[in-house]
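J.:
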Amino acid sequence: MLISNAWAQAAPAAGEAGGLLGMLPILLMFVVLWFLMIRPQMKRAKEHKAMVEAMQKGDEVLTNGGIAGRITKLDETYIGLEIAENVVISVQRNAITAILPKGTLKAL
30 MLISNAWAQA APAAGEAGGL LGMLPILLMF VVLWFLMIRP QMKRAKEHKA
80 MVEAMQKGDE VLTNGGIAGR ITKLDETYIG LEIAENVVIS VQRNAITAIL
130 PKGTLKAL
C-alpha cells in the first residue's frame with residue numbers, strides 16, 4: 030500500500046516548461062478580448078471625437094437622450110440646441126450621438 034502511494038507521487042514530476050504553457054491560454058484569451066472588445070471600442074471613441082469636433086452651426090443632430098435639434102451656438106463644452114421654434118437648450122458636446130442629414134427635422 031505504501032509503494033503504490035510512492036509511485037503516484039513520483040509520476041507528475043515530468044518537466045518545468047509547463048509554466049509558460051500554462052499561461053498560453055490566458056494570453057490567447059487576452060489577445061482575443063483585445064481584438065473583439067477593446068479595439069473596436071477605441072475605434073468608436075475616435076470616430077465620435079472626430080464627429081464632435083466636426084460639428085458646425087446649423088447642423089441637425091441627435092442627442093443621447095433622443096432629442097433631435099439644430100445647433101445654434103457652439104462652445105468649448107456646450108452647444109445650443111434648438112429643439113422647437115424659439116426653444117434652445119444647452120447640451121454637452123459629448124452628448125451628441127449623431128449628425129443627421131439636412132432636412133431631417135422638417136420630416137419629423
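If you use this note's numbering, the sequence shown corresponds to residues 30 to 137, in order.
Don't be surprised by glycine CBs; every beta carbon is placed ideally from N, CA and C.
Please read all numbers here as calculations on a predicted model, not as lab measurements.
Specify whether the stretch 89-109 and the stretch 61-69 touch according to this definition: at least 3 beta carbon pairs, one from each stretch, less than 8 Å apart.
T.: Put simply, the stretch 89-109 does not touch the stretch 61-69. Fewer than three CB pairs are less than 8 Å apart.
J.: Secondary structure at residue 127, three-state DSSP: helix, strand or coil?
T.: strand
J.: How about residue 122 and residue 111: are their beta carbons less than 8 Å apart?
T.: no
J.: Between the stretch 77-90 and the stretch 100-120, are three or more C-beta pairs nearer than 8 Å?
T.: yes
J.: Can you give me the start and stop residues for the beta strand (DSSP E) that residue 101 sits inside?
T.: Per DSSP, residue 101 belongs to the beta strand (DSSP E) from 97-103.
J.: Measuring alpha carbon to alpha carbon, tell me which residue in 128, 71 and 68 is nearest residue 90.
T.: Cα-wise, what sits closest to residue 90 is 128.
J.: Using only alpha-carbon positions, find the residue among 88, 117 and 124 that is nearest to residue 21.
T.: Residue 21 is absent from the model: the chain starts at 30 and stops at 137.
J.: Tell me the rounded alpha-carbon separation between residue 49 and residue 131.
T.: Looking at the two C-alpha atoms, the distance is approximately 58 Å.
J.: Taking only the alpha-carbon atoms, compute the straight-line gap between residue 117 and residue 108 and give it to the nearest angstrom.
T.: 10 Å
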